[in-house]
Every structure is written in C-alpha cells, then in structure tokens.
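Structure first, then comments.
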Amino acid sequence: MTTTVKIDLFSPRWGHTDEYKIVLEENIMTISMSARKATCEFDSEENYIWSKDLGSDALFKILDNDSICYPRNLKSSLVKIWRTWVSGKLSDIEIQDKFKELETTINTTTKNNS
Numbered sequence: 001m002t003t004t005v006k007i008d009l010f011s012p013r014w015g016h017t018d019e020y021k022i023v024l025e026e027n028i029m030t031i032s033m034s035a036r037k038a039t040c041e042f043d044s045e046e047n048y049i050w051s052k053d054l055g056s057d058a059l060f061k062i063l064d065n066d067s068i069c070y071p072r073n074l075k076s077s078l079v080k081i082w083r084t085w086v087s088g089k090l091s092d093i094e095i096q097d098k099f100k101e102l103e104t105t106i107n108t109t110t111k112n113n114s
C-alpha cells in the first residue's frame, strides 16, 4: 500500500514554486523536496515519530529554508490526512484532493506573510 502525491509550494526566497513529493505507506510518510526529506513514522504503540534520524523539526527546516510559511497545525494536518488514507476512508484520488487543499492553505499563508 503506497501512494505518491506532489504539491507545488511557492518559495518567496526563490520567487517560484517548488515541487514537494509526499510518499505515503502504511507506517511511514516521507515528504521531500530535492535531496531534503522529512519522515513521520507510526510505531506499534500508535505514536508518531517525526524524522527520528534527522530531528523532529526536519520538515520545518526544509520549509524555512525556502521561506515558506505554514500553519501551526501542519504536522497534525499531514498525519490526519495520512492516517485517514491508511484506514481506507480516502481513495488515492481523494488523498490528492486533500493534499491540494493543504497546498492552497500553505501557499495562501506564505503569500499573506511575504
């Protein structure tokens, strides 16, 4: 069970959008842009562990590097979408729509704070 979603986030630092790839699997979600990546793992005790090898703030470091503003609840929003997909409540097509909504929110937040 794997699906890949791509979202385009506007980077004020570079003045253009960059493609971020989100790969969802049953127990891990990987978010990457170029060679930089952040992961979230779901362990057997139902805990979410963000980027245990790279530091729990790896996702924010990637976004901050591109001067992308994001909502405070970004991590919980990502986890909610991911876990809803894992539970079978969202199809691969519906998951694309959910991430596009999140893309719009992040881009709006970024543009309003630039």
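Per full-length UniProt numbering, the sequence shown starts with residue 1, numbered consecutively. Using N, Cα and C, we set each Cβ at its ideal position, and we do this for glycine too. If you're wondering where the values come from, they're calculated on a predicted model, not measured in any experiment.
Asked: Would you mind stating whether M1 and E41 have Cβ atoms separated by less than 9 Å?; Found: no
Asked: Once you ignore the five residues that flank K6 on each side, which residues in its own chain have a CB closer than 8 Å to its CB?; Found: E19, Y20, K21 and I22
Asked: From Q96 to A58, what does the alpha carbon distance come to, in whole angstroms?; Found: 23 Å
Asked: Can you check DSSP and say which residues form a bridge with C40?; Found: M29 and W50
Asked: Which residues share a DSSP beta bridge with L24?; Found: T3 and M29
Asked: Can you tell which of T105, F99 and K100 has its C-alpha closest to the C-alpha of R72?; Found: T105
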